[in-house]
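Numbers given in this note's numbering equal positions in the sequence shown, counted from 1, plus 5. For every residue, glycine included, the Cβ atom is placed at its ideal position computed from N, Cα and C. This structure is a prediction, so every number in the text was calculated from the model and none was measured.
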Amino acid sequence: MSYRLLHTLLALSLLVAMPYAVQAARPSPKRLAKILRSAPGRPPAFAKVIDLKTSKVIFELNASKKLTPASVSKMFTTAAAALRIPMKRRLYTDVLIAGKKAKAVKELVIRGGGDMSLSHQQLRGLANKVVKSGIRRIGTLWIDSTLFDRKLPRGFNEKRTDSSYRAPVDALNVDKGTIGIAVRPAGKLGRLALVTINPPSDAIVIDNTAKTVKGKRSALVVRTKAAAKGKTTVIVRGKIGIKRRRPAAVRKRVESAALHAGHAFKKMLQGNKIRIKKVRWRAPKGGYKRFKRLARHTSPSVRELMTFCNQFSHNGYAESFFKLVGAEVKGAPGSCKKAEAAIHIAFKGSKIDWKKVRLGNGSGLYHANDVTADAVVKLLAFMHNKGPIGQAWRRTLAIGGVKGTLRRRLRASVVGAKVYGKTGTLNDVTALAGYAIGKRQKYAFALFFNGLKRPAYLYRRVHDRFLQALMSPGSIKVKAKTRKQKKAKTKTRLRKTHRAKRKAKLRKKRRPPPKSRKKRPKKVHSKAS
């Protein structure tokens with residue numbers, strides 16, 4: 006037999022053996038199921054994994070059953086936005102005037118374009134441009150947030166908390182629909198504490214009975230509630246120590262983001278000695294033909310806003326994208342109803358069973374949304390096949406061990422793959438979905454637990470072990486410890502405690518006894534005779 010013939014036969018045998026080697030490296034579905042069943046309390050688990058190269062199902066468990074997705078809902082929102090809104094587009098907040106520049110103008114408009122990143126410093130920059138233009142009197146200040154409707158996203162009223170993560174969504178907002186509240190002691194005891202709002206606004210009403218007391222300690226209750234006509238009441242109760250150096254600071258939601266932003270803008274203008282006769286919260290009558298742009302604030306690109314939304318799971322950004330997609334596809338004003346219909350249009354051809362999917366809001370807050378593990382994986386596969394758009398969207402997700410909510414989890418060196426994912430957490434839900442890309446494998450996965458009875462971090466560990474077993478078969482042990490192993494572990498623990506006690510006793514013996522101090526005799530003062 007010639008050398009060439011032997012060489013070709015060996016090569017053919019290796020080619021024939023390769024598929025079997027790959028099959029052997031694939032994780033066992035039974036083993037993966039066992040990992041999910043090892044979760045504390047055995048809550049309902051939902052999972053699906055597919056191979057993106059072959060479209061074959063690697064693993065599935067309750068994949069077609071409805072579940073609460075938590076923040077994995079943001080994948081539907083941002084993926085639809087990536088498909089319908091150019092990633093390089095920027096969002097604008099405009100200031101417009103009717104007629105020519107003059108000391109007195111009849112109408113001035115501040116118009117929101119859905120920019121959720123506008124800060125109070127940037128709003129002040131717009132106000133400074135109005136001041137520099139020479140305007141000193143304004144007849145009517147219009148607050149235009151008509152790009153979105155005024156309704157709170159569905160499900161947000163499930164818990165009436167004043168936390169910043171439940172902030173309202175408007176086309177015009179400042180500081181993500183929140184206010185900073187600082188409480189300081191007054192100069193004298195018994196006086197009311199000093200309360201400051203940042204940015205100050207006529208849409209905020211302060212109800213303060215907190216008093217200044219002795220010492221450094223404080224016991225304060227600070228909360229916000231809805232007031233009449235879209236305004237917000239800040240309630241401050243309790244006491245604050247006069248010697249306290251730093252203020253007690255909290256951040257709370259406002260009732261109407263647009264009304265607060267408009268009145269904050271008004272305060273900034275009035276602080277620069279500009280008189281304003283009246284304020285109206287709507288678009289000016291007759292449209293914008295008679296108006297000219299005076300100033301503009303430009304947001305970061307849609308790609309950058311989307312990256313912040315996905316990597317840090319920001320509810321306000323997600324809800325703004327949700328309504329923005331609705332307005333883009335179905336026309337203004339953007340609403341939750343229009344957004345859901347727009348998402349169905351964006352994913353046409355994805356084979357998602359929309360009968361089992363309900364998207365009440367864009368962030369996944371509370372229980373307004375229902376999806377299936379199958380629907381999430383189909384979304385991931387659909388975006389994977391969208392070329393540059395799909396790749397750009399994938400890069401906005403958190404990266405295991407590197408960025409976002411996964412920066413302390415799923416390092417590539419541990420898992421054996423680079424994980425791009427979106428996490429989700431509620432009191433009774435934990436979720437993880439995304440892409441796992443190894444040297445040979447390329448998977449799309451969706452993992453959910455609903456009805457949790459213990460802290461969420463315990464279930465996150467199960468998801469991490471699942472992905473590790475998926476990408477590196479044989480790298481972790483799934484079997485529970487035997488009685489012998491448990492006994493051995495307790496013995497070693499007892500030995501360690503005994504050693505520690507012995508060492509402590511020896512240290513006490515080695516220490517020299519404390520020197521006894523001799524009592525000095527008391528001096529007797531003789532009285533003068």
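Sheet register partners of residue i (DSSP bridge)
| i | result |
| --- | --- |
| F161 | According to DSSP, which records beta bridges pairwise, F161 is partnered with nothing at all. |
| Y440 | Y425, A449 |
| E324 | BP columns for E324 are empty, so no partner. |
| L96 | L96 pairs with nothing; no bridge assigned. |
| F153 | G339 |
| T217 | I245 |
| R280 | R142 |
| L431 | V434 |
| L101 | V114, R298 |
| K58 | K58 pairs with nothing; no bridge assigned. |
| F454 | A50, T435 |
| K360 | Partner(s): none; K360 has no beta bridge. |
| K408 | I404 |
| A224 | K244 |
Limits of the beta strand (DSSP E) - the one that residue i falls within
| i | result |
| --- | --- |
| A253 | 253–258 |
| G185 | 183–189 |
| V62 | 62–66 |
| V536 | Lying before the first or after the last residue shown, residue 536 is absent from the chain, which here runs from 6 to 534. |
For residue i, three-class secondary structure by DSSP
| i | result |
| --- | --- |
| V483 | Per-residue confidence for V483 stands at a pLDDT of 42, beneath the threshold of 50, marking its modelled position as unreliable; the derived number appears in the next sentence. Note: V483 maps to coil in three-state DSSP. |
| R242 | strand |
| N366 | coil |
| K297 | strand |
| P305 | strand |
| A84 | helix |
| K35 | helix |
| K383 | helix |
| L41 | helix |
| G291 | coil |
| V174 | coil |
| T497 | helix |
| A132 | helix |
| A29 | Confidence in A29 is poor, its pLDDT being 38 and thus under 50, which makes the residue's placement too unreliable to answer from. |
| V110 | strand |
| G144 | strand |
| F51 | strand |
| T229 | strand |
| R466 | helix |
| R236 | Correcting the residue identity first, residue 236 is Lys in this sequence and not Arg. The answer is coil: DSSP assigns K236 none of H, G, I, E or B. |
| V210 | strand |
| I90 | coil |
| R196 | coil |
| G331 | helix |
| R285 | strand |
| R250 | coil |
Residue range of the unbroken alpha helix (DSSP H) whose run includes residue i
| i | result |
| --- | --- |
| V376 | It is not in any alpha helix (DSSP H) - V376 carries neither H nor E in the DSSP assignment. |
| K70 | That residue, K70, is in no alpha helix (DSSP H); it is neither H nor E in DSSP. |
| G270 | Here residue 270 turns out to be Phe, not Gly, going by the sequence shown. Here the alpha helix (DSSP H) through F270 covers 262–275. |
| G395 | 393–399 |
| A417 | 417–420 |
Check: residue i C-beta below 7 Å from any heavy atom of the ligand MN
| i | result |
| --- | --- |
| R500 | Absence of the ligand MN from the depicted structure is noted, as is the absence of any ligand whatsoever, leaving it without description. |
Chain D within 8 Å of residue i, Cβ atoms only
| i | result |
| --- | --- |
| R466 | Among the chains of the structure shown, chain D does not appear; only one protein chain is present. |
Meets three-Cβ-pair contact criterion under 8 Å: the segment 122–134 and the segment 297–305: Yes: the two stretches touch, three or more of their Cβ pairs being nearer than 8 Å.
Cβ contact check for the segment 497–507 and the segment 461–475: 3 or more pairs under 8 Å: The segment 497–507 vs the segment 461–475: no contact.
At least 3 beta-carbon pairs within less than 8 Å: the segment 187–207 vs the segment 261–275: As far as the Cβ criterion goes, the segment 187–207 touches the segment 261–275, which means the pair count is three or higher.
Validate contact between the segment 40–53 and the segment 64–71 using beta carbons, cut 8 Å, 3 pairs: Put simply, the segment 40–53 touches the segment 64–71. At least three CB pairs are less than 8 Å apart.
Contact the segment 441–450 vs the segment 414–426: 3+ CB pairs below 8 Å: Contact holds: three or more Cβ-Cβ distances are below 8 Å.
Stretch-stretch touch, CB-based, cutoff 8 Å, three pairs: the segment 412–422 with the segment 343–351: With a cut-off of 8 Å, the segment 343–351 and the segment 412–422 do not count as touching, because too few Cβ pairs lie within range.
Meets three-Cβ-pair contact criterion under 8 Å: the segment 69–84 and the segment 372–386: Inter-segment contact for the segment 69–84 and the segment 372–386 is present: three or more beta-carbon pairs are separated by less than 8 Å.
The segment 108–120 touching the segment 222–242, judged by at least three CB pairs closer than 8 Å: Between the segment 108–120 and the segment 222–242, the count of Cβ pairs shorter than 8 Å is below three; the stretches do not touch.
Three-pair Cβ contact test at 8 Å for the segment 358–368 versus the segment 312–324: Enough Cβ pairs lie closer than 8 Å, so yes.
The segment 113–121 in contact with the segment 141–152 per 3-pair CB rule at 8 Å: Touching, yes.
Segment contact, 8 Å Cβ cut-off, at least three pairs: the segment 429–439 with the segment 333–345: Too few Cβ pairs lie closer than 8 Å, so no.
Segment contact flag, the segment 455–467 with the segment 434–443, C-beta cutoff 8 Å, min 3 pairs: Flag = yes, the segment 455–467 and the segment 434–443 touch.
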